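Only one structure is covered here, and it is reproduced in the block below.
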Amino acid sequence: MLAARVDLADKVLEIAARRGTLYDYVNDVLEQAIRAESLGLTLKEILDDRWIIKSARDAGFTVIPEKTVFELIEDAYKSLGKEKMANLWYETGQWYGKYYEDIAKFEGSVKRFFWDISEFKVSKEDENVVLTCLSSKFSEAYTELFSKFLEGAMNALGYNLDESEVSKGIISLKFVKSKGK
Amino acid sequence: MMSKDTSKEMKLVRAPADLISKLSKEANLQGKTFYSYISEILEQAVRAYEMNRSLKEIIDAYEVLEIYKEAGGMFTPRDILEYLVKKVYPEDSETLQRLWYQTGRWYGVYLKEKTSNSVDAFIRLLREGRWDLNDVIVNRNHETLEFKCVSPLVSQERTLLMQTFIEGAMHSLGYKTQDKECIRGIIRLKFSI
Chain A
0 MLAARVDLAD
10 KVLEIAARRG
20 TLYDYVNDVL
30 EQAIRAESLG
40 LTLKEILDDR
50 WIIKSARDAG
60 FTVIPEKTVF
70 ELIEDAYKSL
80 GKEKMANLWY
90 ETGQWYGKYY
100 EDIAKFEGSV
110 KRFFWDISEF
120 KVSKEDENVV
130 LTCLSSKFSE
140 AYTELFSKFL
150 EGAMNALGYN
160 LDESEVSKGI
170 ISLKFVKSKG
180 K
Chain B
0 MMSKDTSKEM
10 KLVRAPADLI
20 SKLSKEANLQ
30 GKTFYSYISE
40 ILEQAVRAYE
50 MNRSLKEIID
60 AYEVLEIYKE
70 AGGMFTPRDI
80 LEYLVKKVYP
90 EDSETLQRLW
100 YQTGRWYGVY
110 LKEKTSNSVD
120 AFIRLLREGR
130 WDLNDVIVNR
140 NHETLEFKCV
150 SPLVSQERTL
160 LMQTFIEGAM
170 HSLGYKTQDK
180 ECIRGIIRLK
190 FSI
């Protein structure tokens, strides 16, 4: 026997009545809790994360193996040229900036969806914003394009690029607030 | 069976002794009382129910996310991917096909190493991750396995690449392609052991 809070026990009883027996339902719940712990997480953490794929899909992202993305970009660099590719990522970034409409929301989404990024920091200081993005996994081409993506997003959020430092896996961008925004 | 202890506003719920013992140890490890630990678990069970999903489904979905992470999957803006594939495919379809096939093979090998039922794990990966697939229908009997994947939003080029990816994975898992059909947004694949 296990002791449970009355409100929870009543709710569980109500759910179980729709699904089978109380014993079986509680058994299943406890088994799943053990399964979650074996993944090194609590059920709460798993439920909190459960919407990542859905919210990423809703925002127009799709999951694809990084190797495929990097090779596709290398191919496209040759056939489309760097400038066209940079514009494509910049414009897509602008779309996301408008979609999120808020630096903190954009920052949160980048942190949640781009798990290859080991450090993503947006620091605001008066009229300036400094954005730092580090990833040991990014290819050189992908780093360049991702920096254009970030620049496009920040531009849509009302900031113009002032200084940039981009090299394989390292993006450091400094923005100033656009006039009139 | 449920009995009420009115003095402490709690109810006693019958549960398997082995599970209680495991969870009791876990509660101790986390420095929580068994009562508060169980409350947290039941709260999440209720939360899952309110999401119209079972805990099992939610953990299955989470495991798919973990497979993506571990296997080097990354979120990419769909429009960019679609654009690049459309531009590169007419010039070099062979390279792209090979790339998607090899990636599929790699996923197959990975799932074989990491999961106890690699075919089920792959089906879950397609369903939960979806790669923009709206529907993944699987019919299986002891010798064949048929996929029907539907996605009205995906281009002809990406449909073909997805088909190649699935073939790569299934070949790694020991299946042979028996029949295939692909039109924009619809993939039908039949495999045999």
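So the sequences go chain by chain: A and B.
The first sequence maps to residues 0 to 180 in numbering that gives the first Met the number 0.
The second sequence maps to residues 0 to 192 in numbering that gives the first Met the number 0.
Even glycine gets a Cβ: it sits at the ideal position worked out from N, Cα and C.
Being a predicted model, the structure only gives us computed values, none of them experimental.
Which residues does DSSP list as the beta-bridge partners of residue i?
{"i": "residue 73/B", "result": "63/A"}
{"i": "residue 137/B", "result": "146/B"}
{"i": "residue 174/A", "result": "128/A and 160/A"}
{"i": "residue 188/B", "result": "146/B and 179/B"}
{"i": "residue 165/A", "result": "170/A"}
{"i": "residue 80/B", "result": "Residue 80/B is not bridged to any residue."}
{"i": "residue 71/A", "result": "Residue 71/A is not bridged to any residue."}
{"i": "residue 133/A", "result": "118/A and 169/A"}
Mind checking which residues open and close the alpha helix (DSSP H) that includes residue i?
{"i": "residue 155/B", "result": "155-171"}
{"i": "residue 119/A", "result": "That residue, residue 119/A, is in no alpha helix (DSSP H); its beta strand (DSSP E) goes 118-124."}
{"i": "residue 29/A", "result": "21-37"}
{"i": "residue 0/A", "result": "Looking at the DSSP string, residue 0/A is not in any alpha helix (DSSP H), and its letter there is neither H nor E."}
{"i": "residue 84/A", "result": "81-99"}
{"i": "residue 21/B", "result": "16-28"}
{"i": "residue 36/B", "result": "33-49"}
{"i": "residue 123/B", "result": "117-123"}
{"i": "residue 106/A", "result": "102-112"}
{"i": "residue 55/A", "result": "51-57"}
Quick check on residue i: buried or exposed, where buried means 16 or more other Cβ atoms within 10 Å of its Cβ?
{"i": "residue 9/B", "result": "buried"}
{"i": "residue 131/B", "result": "buried"}
{"i": "residue 18/A", "result": "exposed"}
{"i": "residue 186/A", "result": "An answer regarding residue 186/A cannot be provided, because it is not within the stretch 0 to 180 covered by chain A."}
{"i": "residue 89/B", "result": "exposed"}
{"i": "residue 65/A", "result": "buried"}
{"i": "residue 8/A", "result": "buried"}
{"i": "residue 32/B", "result": "exposed"}
{"i": "residue 21/A", "result": "buried"}
{"i": "residue 130/A", "result": "buried"}
{"i": "residue 31/A", "result": "buried"}
{"i": "residue 6/B", "result": "The pLDDT assigned to residue 6/B is 46, lower than 50, so where the model puts this residue is not dependable; a value taken from the coordinates is nonetheless given after this. Classification of residue 6/B: exposed, given that the 10 Å Cβ count is below 16."}
{"i": "residue 192/B", "result": "exposed"}
{"i": "residue 120/B", "result": "buried"}
{"i": "residue 182/B", "result": "exposed"}
Could you name the residues of chain A that residue i contacts, counting a contact when the two beta carbons are closer than 7 Å?
{"i": "residue 44/B", "result": "11 and 28"}
{"i": "residue 203/B", "result": "The shown model of chain B, from 0 to 192, leaves out residue 203/B, and the question about it has no answer."}
{"i": "residue 154/B", "result": "Those within 7 Å of residue 154/B in chain A number zero; the least Cβ separation is about 12 Å."}
{"i": "residue 61/B", "result": "45, 48 and 49"}
{"i": "residue 102/B", "result": "64, 66 and 67"}
{"i": "residue 217/B", "result": "The structure shown does not extend to residue 217/B, since chain B is modelled only from 0 to 192, so the question has no answer here."}
Mind listing the chain B neighbours of residue i? Cutoff is C-beta to C-beta under 7 Å, in chain order.
{"i": "residue 115/A", "result": "73"}
{"i": "residue 169/A", "result": "Within 7 Å Cβ-Cβ: nothing; residue 169/A doesn't reach chain B, min ~18 Å."}
Can you name the start and end residues of the beta strand (DSSP E) that residue i belongs to?
{"i": "residue 154/A", "result": "Here residue 154/A belongs to no beta strand (DSSP E); instead the alpha helix (DSSP H) covers 139-155."}
{"i": "residue 43/A", "result": "Where residue 43/A is concerned, there is no enclosing beta strand (DSSP E), although the alpha helix (DSSP H) it sits in stretches over 42-48."}
{"i": "residue 10/B", "result": "9-12"}
Quick test of your reading: residue i and residue j, contact by CB under 8 Å. State the CB separation rounded to the nearest angstrom.
{"i": "residue 177/B", "j": "residue 164/B", "result": "Rounded, the Cβ-Cβ distance is 18 Å, inconsistent with contact."}
{"i": "residue 44/B", "j": "residue 11/A", "result": "7 Å"}
{"i": "residue 152/B", "j": "residue 166/B", "result": "No, residue 152/B and residue 166/B are not in contact; Cβ-Cβ is about 22 Å, not under 8 Å."}
{"i": "residue 108/B", "j": "residue 171/B", "result": "5 Å"}
{"i": "residue 94/B", "j": "residue 74/A", "result": "7 Å"}
{"i": "residue 62/A", "j": "residue 173/B", "result": "Not really, about 25 Å apart at Cβ, beyond 8 Å."}
{"i": "residue 185/B", "j": "residue 35/A", "result": "About 36 Å; that fails the 8 Å criterion."}
Chain A partners of residue i, CB-CB under 9 Å?
{"i": "residue 194/B", "result": "The question about residue 194/B has no answer here: the residues shown for chain B are numbered 0 through 192."}
Quick one: list the residues of chain B neighbouring residue i, beta-carbon separation under 9 Å, in chain order.
{"i": "residue 59/A", "result": "76, 77 and 78"}
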